[in-house]
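Using our numbering, the letters of the sequence shown map in sequence onto residues 848 to 1231.
Don't be surprised by glycine CBs; every beta carbon is placed ideally from N, CA and C.
Quick caveat, the model's predicted, so the values are computed rather than measured.
Only one structure is covered here, and it is reproduced in the block below.
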Amino acid sequence: MIYLDHNATTPIDPAVAEKMAGFLREQFGNPSSLYPIGRRVKELMNEARERVAAALGADRGEIYFTGSGTEADNFAIFGTFDASPDRNEFVTSAIEHPAVIESARALERRGIKVTYLPVDEYGTISLDHLRSALTPRTALVSIMHANNEIGTIQPLAEIVRIAREAGVPVHTDAVQSFGKIDVDAHKLGVDLLTVSAHKIYGPKGVGALYVRRGEAIAPFVHGGHQERGLRAGTENTAGIIGFGEAVRVMADKGRKERARIEKLAEALKRGIEEKIPGARFNGHPEHRVKSTLNFAFPGLEAEAILLALATKEIYVSTGSACSEESEEVSHVLRAIGLRPEIARSCIRMSLGRSNSEEDVAVVLRELPEIIARLRSITNFHPEG
Ligand SMILES: Cc1ncc(COP(=O)(O)O)c(C=O)c1O
């Protein structure tokens, strides 16, 4: 199998699986219990918290574990609005993950005014638009770090500078940048930042929200005192231990592995551009996560390409996994100005640790053949 959908999820790292299995066999204590078996679990959780914090350039006390990246996004947004009842405006972008877009829609139903900043053809927001959207009533700006469908990286440092001048805190969804480019919460200057374990070879169902020390945020899940009273509920201890281990492995493998994956992705991109006439690349030419490749194959339906590749055990995506089951055209591809029929011809290939040079060679052999065959069926000729 050739797995090219690492932005949807990643295979769990063997060291993570091993660590979680050992933990599940040996530790069952409730981290809130005061006797040794509970305290031991608490210690292990704190080690994981320390690791996630260090990877994000943050302090341990600034990390709150959640049940997913989606939950961390919801926590950041609703927690901020609940903590600032005198502000009733929200600024986000048109290309956010549904975890943010749907939270924005829920805010609108509560009477909050939401601005969805447009993006240019490469998927970048305009700083001028941001500047003019901010008012003294803006409670929060939420702009993703890297986009899950096209990989475009937003100018976060500038976004933070502009928002700070206006006295508005900034949240960023860093689920797709964490592990692929440097993500340092303190250097970026953001107030809130979301990450998720299953995108970095960790378990599903665990995420974290970085909350800058001193930032006002209200409890998101009400109940016990877990996560310092902000996210109640007995913790997903094994998931959190696995998250910590995934971050350790990531730090160990370091930039060398990242560079290897980027090189493979660049070779695949070049190969597609050379071998498939009419293939159109989507995303920023420079400011993007290099392992994400999104291509339009005008005249074809992405599903047909995806299914043909799947028969060769090559797995790609038609965009975001979350919209996979709906007929709707991707809101991201629409926002960068693609016509619906072009947007429906796009496939995303996201590379990761499981990929090799051999994988790239196989895809560069199979994909051009599949495209040529589908084009001959539909009688589509890109040049004419
Ligand atoms: C940008 C982005 N944000 C949030 C999420 C949601 O994370 P989770 O699957 O942990 O809920 C994803 C996952 O696809 C994502 O790509």
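Q | Check whether V966 and S940 have beta carbons under 9 angstroms apart | A | yes
Which full runs of the beta strand (DSSP E) of 3+ residues lie inside the segment 857-924, going along the chain?
910-913
Which residue from P1145, R896, N1083, E1216 puts its Cα closest to that of G914? N1083
Would you list the residues sitting across from F1128 in a DSSP beta bridge? F1142
ask   = Quick one: what does DSSP say H1228 is sitting in, helix, strand or coil?
value = H1228 falls in the coil class under three-state DSSP.
**Report entry** Test item: CB-CB of D1020 and T1041 under 9 angstroms
**Finding:** Yes, the Cβ-Cβ distance between D1020 and T1041 is below 9 angstroms.
L1198 (DSSP reduced to helix, strand or coil)
coil
Since K960 is in the beta strand (DSSP E), which residue starts that stretch and which ends it?
960-964
- Query: Does any heavy atom of ligand 1 sit closer than 8 angstroms to the C-beta of K1046?
  - Reply: In this structure, ligand 1 has a non-hydrogen atom nearer than 8 angstroms to the beta-carbon of K1046.
field: Limits of the alpha helix (DSSP H) - the one that G1054 falls within
entry: Segment 1054-1058 is the beta strand (DSSP E) holding G1054; no alpha helix (DSSP H) there.
query: Counting pairs of beta carbons, one from the segment 864-876 and one from the segment 1053-1067, are three or more of them closer than 8 angstroms?
result: no
Inset, instruction - Grab the span of the beta strand (DSSP E) containing S989 for me, first residue to last. - result: 985-989
Review point. Between G1089 and A1044, which are expected to be in contact by the criterion C-beta below 8 angstroms, what is the C-beta distance as a whole number of angstroms?
Key: About 7 angstroms separates the CB atoms of G1089 and A1044; that is less than 8 angstroms, so the two are in contact.
Let me check understanding here. Comparing Cα to Cα, which of H1178, P1215, G1118 lies closest to I942? H1178
Between which residues of its own chain and D920 is the CB-CB distance below 6 angstroms, once the five residues before and five after are set aside? By the criterion of a C-beta distance shorter than 6 angstroms, D920 is surrounded in its chain by A946, V947, D1020, T1041, once the five residues flanking it on both sides are discounted.
Q.
Taking 8 angstroms as the cut-off, does the segment 1014-1031 touch the segment 920-936 (at least 3 CB pairs, one atom from each stretch)?
A. Counting Cβ pairs under 8 angstroms, three or more are found: they touch.
With a Cβ-Cβ cutoff of 9 angstroms, do L1111 and L977 count as a contact?
no
| Quick one: is I924 buried, meaning 16 or more other Cβ sit within 10 Å of its Cβ, or exposed? | So I924 counts as buried.
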